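Okay, so here's the structure we're looking at.
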């Protein structure tokens, strides 16, 4: 048994807290479902490139966070417990700790990946994959909880990369979503215009469906940069508040 390639890291992570962060973010993204059984410790250690003791430490932390429960017996193991919503306080603290340069670098990478994925999707996507993009856009439009919005949003971006038929881009987008999705939907600062987000995603999907590669790339890049602009304002506000005591 192994984690989805979209969850497993591209390189060894090294520390227990990095494993905790990756699994936590995968749970909040919906890449790991509620009740899903995790691989055994030895397999997890191999996938993350760490010693079994490091995985054991990470699982203990995940149990303390009530994101994983361990069951004994023949059908036992470590199972995912998906919370009702994202860890807003933790995400806010993480954003506050980021410098403007850190934030820009993160979104520079996401802009490049999302733009290239959209361009290639317009050239390569199968009709069924394009229909999935429109369905995820509709899910975002009708979502009533923050958790469901985050899930639909992140899955849309991952699906664009899947539509590009590039395994590396899909893994990279999934890794980026694990870093940015919770931050993007933080319920603080300027309100998110959900209708505008839906409209932008619909436009990206339409460009991909029409095989307009340059337009799809441009729309995807603009969408990501708009998210950066909002987070930059929030980051500045948090930094100013911290400086003011």
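Numbering (the numbering used here), first residue to last: 41 to 285. Ideal Cβ positions, reconstructed from N, Cα and C, are used throughout, including at glycine. Every value quoted in this text rests on a predicted model; they were computed, and no experiment measured them.
Exercise. Write down the C-beta distance between residue 154 and residue 264 rounded to the nearest angstrom, noting that I regard them as a contact closer than 8 angstroms.
Key: 5 angstroms
Quiz item: Any chance the segment 122-140 sits against the segment 181-200, with 3 or more Cβ pairs inside 8 angstroms?
Solution: yes
Practice problem: May I have a chain-ordered list of the alpha helix (DSSP H) segments no shorter than 4 residues that lie completely inside the segment 163-217? | Solution: 167-182 and 186-203
Self-check item: Beta carbon of residue 204 nearer than 8 angstroms to that of residue 157
Solution: Against a cut-off of 8 angstroms, the Cβ pair of residue 157 and residue 204 comes out as a contact.
Exercise. Would you grab the beta carbon distance between residue 259 and residue 247 for me? Rounded to a whole angstrom, and I think it's under 8 angstroms.
Key: Confirmed, about 6 angstroms.
Practice problem: Pull up the distance between the alpha-carbon of residue 280 and that of residue 100, whole angstroms please. | Solution: 36 angstroms
Quiz item: Taking all protein chains shown into account, do 16 or more other C-beta atoms lie within 10 angstroms of the C-beta of residue 80, making it buried, or fewer, making it exposed?
Solution: Exposed is the call here.
Quiz item: Nearest-angstrom Cα distance between residue 212 and residue 199?
Solution: 12 angstroms
Practice problem: Write down the C-beta distance between residue 135 and residue 274 rounded to the nearest angstrom, noting that I regard them as a contact closer than 8 angstroms. | Solution: At roughly 7 angstroms, the Cβ-Cβ gap stays under 8 angstroms, so residue 135 and residue 274 are in contact.
Quiz item: Are residue 73 and residue 128 touching if we call contact CB-CB under 8 angstroms?
Solution: no
Quiz item: Is there contact here, the segment 58-70 with the segment 110-117, by at least three beta-carbon pairs under 8 angstroms?
Solution: no
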